[in-house]
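One structure is given below, encoded as structure tokens.
There are 2 protein chains.
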Amino acid sequence: MMNIGKAAAASGVSAKMIRYYESIGLLPAARRTDAGYRFYTDEDVHVLRFIRRARDLGFAVADIGELLALWRDQSRASADVKRIALGHVAALERKIAELQGMVDTLRMLAVHCHGDARPDCPILADLDAGGTGRAGRGTAQAT
Amino acid sequence: MMNIGKAAAASGVSAKMIRYYESIGLLPAARRTDAGYRFYTDEDVHVLRFIRRARDLGFAVADIGELLALWRDQSRASADVKRIALGHVAALERKIAELQGMVDTLRMLAVHCHGDARPDCPILADLDAGGTGRAGRGTAQAT
DNA sequence: GCTTGACCTTCCCATCTTGGTAAGGTCTAC
DNA sequence: GTAGACCTTACCAAGATGGGAAGGTCAAGC
Numbered sequence: 007m008m009n010i011g012k013a014a015a016a017s018g019v020s021a022k023m024i025r026y027y028e029s030i031g032l033l034p035a036a037r038r039t040d041a042g043y044r045f046y047t048d049e050d051v052h053v054l055r056f057i058r059r060a061r062d063l064g065f066a067v068a069d070i071g072e073l074l075a076l077w078r079d080q081s082r083a084s085a086d087v088k089r090i091a092l093g094h095v096a097a098l099e100r101k102i103a104e105l106q107g108m109v110d111t112l113r114m115l116a117v118h119c120h121g122d123a124r125p126d127c128p129i130l131a132d133l134d135a136g137g138t139g140r141a142g143r144g145t146a147q148a149t
Numbered sequence: 007m008m009n010i011g012k013a014a015a016a017s018g019v020s021a022k023m024i025r026y027y028e029s030i031g032l033l034p035a036a037r038r039t040d041a042g043y044r045f046y047t048d049e050d051v052h053v054l055r056f057i058r059r060a061r062d063l064g065f066a067v068a069d070i071g072e073l074l075a076l077w078r079d080q081s082r083a084s085a086d087v088k089r090i091a092l093g094h095v096a097a098l099e100r101k102i103a104e105l106q107g108m109v110d111t112l113r114m115l116a117v118h119c120h121g122d123a124r125p126d127c128p129i130l131a132d133l134d135a136g137g138t139g140r141a142g143r144g145t146a147q148a149t
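Chains A and B supply the protein sequences, listed in that same order.
Letter by letter, the first sequence follows residues 7 to 149 in this note's numbering.
Letter by letter, the second sequence follows residues 7 to 149 in this note's numbering.
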């Protein structure tokens, strides 16, 4: 039995976030003391650690809801977990490819930029002209 | 001379975003017709294309403000542009490394997951136990 | 001239996760 | 009893973008 500050310190999830996760339904409403203070058990902290770890792996809160449900379900199929994880990996890799495209384009432009006091700059020239068609136009906003 | 819809179509920046960029000061307030409609010149569209291209390269709107100022300044030093570009590249690469760390961890867990109807799942086991210390703890939230 | 449909305007809301802050109640140790 | 550390709720902020409502305007057709 501990209050929210203790649970936060023990789990690595800030008190602010614990309340937030509760408010969006990722966590059930915490039990309260008579004075209205939330209190948590070691088991609750265990769940918070799970969430923290999943966030560190880049899972969105919605995904974590699914993962938690599977975690709690002793009869879950590992295929369900794997599907979520690999779907997430695919999304991460799309994102990486998008960022890498940006990096490649910028590096290419930057090597041709003197980088001195002269005003000539291929980077600005590219932005001016609209580039040569690299750095994914269509999906670039889908961050 | 064209109204906002035409400028949006010609530049690839939505009308919504054009108004937004104006509201945050990235663009000067557009001239208006007597009826209050914004109107734009080909030169304005040129600027919008510049912004669009820079966004596609992942520059934040704040960075684009700097880039625009340099673009307009005929006596700018290319070093200033290069500095912004390379700073952005470094940020992109940090982000890529972070995401790649997540991918590596998840892939490693996923290969050991049967992915069938059985409940045993190393992915959930890892989330449960807190992992082995990969997938950057501290900076994972800095998105 | 009037109507219709496409366009424009502003304003508010939502996303997603996190942090900050303010005003007020509670608990603990002295 | 009081100070200080903690808790509560509620609102604001960020980033960039889309959606929608309510209402004004314009161009084309009849």
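In this text, a Cβ means the ideal position worked out from N, Cα and C, and glycines have one as well.
With contacts defined as CB atoms closer than 8 angstroms, B/Lys88 and A/Leu105 fail to qualify as a contacting pair.
At a cut-off of 8 angstroms between C-beta atoms, A/Ser84 counts as an interface residue with respect to chain B. Between the beta-carbon of A/Met108 and that of B/Gly64 there is about 4 angstroms, and that keeps the pair under the 8 angstroms contact cut.
Taking CB atoms only, A/Glu72 has no neighbour in chain B less than 8 angstroms away. A/Arg58 is bridged by DSSP to nothing; it lacks a bridge partner.
Taking 8 angstroms as the cut-off, the beta carbon of A/Phe45 is found closer than this to the beta carbon of A/Asn9.
Classified as buried, A/Thr111 has 16 or more neighbouring CB atoms from the shown chains inside 10 Å of its CB. Three or more Cβ pairs closer than 8 angstroms define a contact, and the segment 112-129 of chain B falls short of that threshold against the segment 120-136 of chain A. Closer than 9 angstroms at the C-beta level to chain B, one finds these residues of the segment 110-121 of chain A: Thr111, Leu112, Arg113, Leu115, Ala116, Cys119, His120, Gly121. Bounds of the beta strand (DSSP E) holding A/Arg44 are 44-46. With respect to B/Asp86, B/Leu76 sits close: the two C-beta atoms are nearer than 8 angstroms.
In this structure, the straight-line span from the alpha carbon of A/Gly93 to that of B/Ala116 is close to 11 angstroms.
When DSSP states are grouped into helix, strand and coil, B/Arg38 belongs to the strand group.
Taking 9 angstroms as the Cβ-Cβ cut-off, the segment 35-63 of chain A approaches chain B at His52, Arg55, Phe56, Ile57, Arg58, Arg59, Ala60, Arg61, Asp62, Leu63, given in chain order. At least 8 angstroms separates the beta-carbon of B/Val51 from that of B/Ala21.
For A/Val95, a Cβ of chain B is located within less than 8 angstroms of the residue's own Cβ. Here B/Ala97 is actually not in contact with A/Ala83; their C-beta atoms are around 40 angstroms apart, not less than 8 angstroms. Between A/Leu54 and A/Val19 the beta-carbon gap is near 5 angstroms, inside 8 angstroms, which marks them as a contact.
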